[in-house]
Amino acid sequence: MKSIFKAAMVSSVAAMSLGLAACDSAAENQMEDEATAIDEAAEAQADNMEAAGASEAAVEAVEEQGEETKDAMEEQADNMDAAPE
6 MKSIFKAAMV
16 SSVAAMSLGL
26 AACDSAAENQ
36 MEDEATAIDE
46 AAEAQADNME
56 AAGASEAAVE
66 AVEEQGEETK
76 DAMEEQADNM
86 DAAPE
């Protein structure tokens, strides 16, 4: 579980760094796509955990973390075009 979150966080940091360098709509879209992929990976992991008999609290925590990461990345992506160059 930790390795997926580490990979997601590394990917998000890389996407944010690239996005800040570009500051254009293509970068914003790329970051939003990355955010969606992270959320979908967390949902898949939660589904696998649930199938394996993990507690409801653990499953919800994974889903919530994915959603929070996605929301934060999308908010940052939305602010990319609003930031002065």
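Residue numbering for the sequence shown follows the numbering used here, beginning at 6 and increasing consecutively. Using N, Cα and C, we set each Cβ at its ideal position, and we do this for glycine too. From a predicted model like this one, the values you see are computed outputs, not experimental measurements.
Problem set entry | Option in 35, 85, 74 with minimal Cα separation from residue 45 | Selected option, being the one with the closest Cα: 74.
Exercise. Can you find a CB in chain C that lies within less than 8 Å of the CB of residue 74?
Worked result: As a matter of chain content, chain C is missing from the structure shown, which is built from one protein chain.
Problem set entry | Helix, strand or coil at residue 60 according to DSSP, with G and I counted as helix | Looking at residue 60 - three-state DSSP - the assignment turns out to be coil, as it is neither helix nor strand.
For this session: Within its chain, find whatever has a CB closer than 8 Å to the CB of residue 63; leave out the 5 residues flanking it on each side and keep chain order.
Result: Within the same chain, residue 63 has close Cβ partners 54.
Exercise. Is it the case that the Cβ atoms of residue 36 and residue 66 are separated by a distance below 8 Å?
Worked result: No, the pair does not count as a contact, with Cβ atoms beyond the cut-off.
Exercise. For residue 32 versus residue 85, is the C-beta distance shorter than 8 Å?
Worked result: With respect to residue 85, residue 32 sits close: the two C-beta atoms are nearer than 8 Å.
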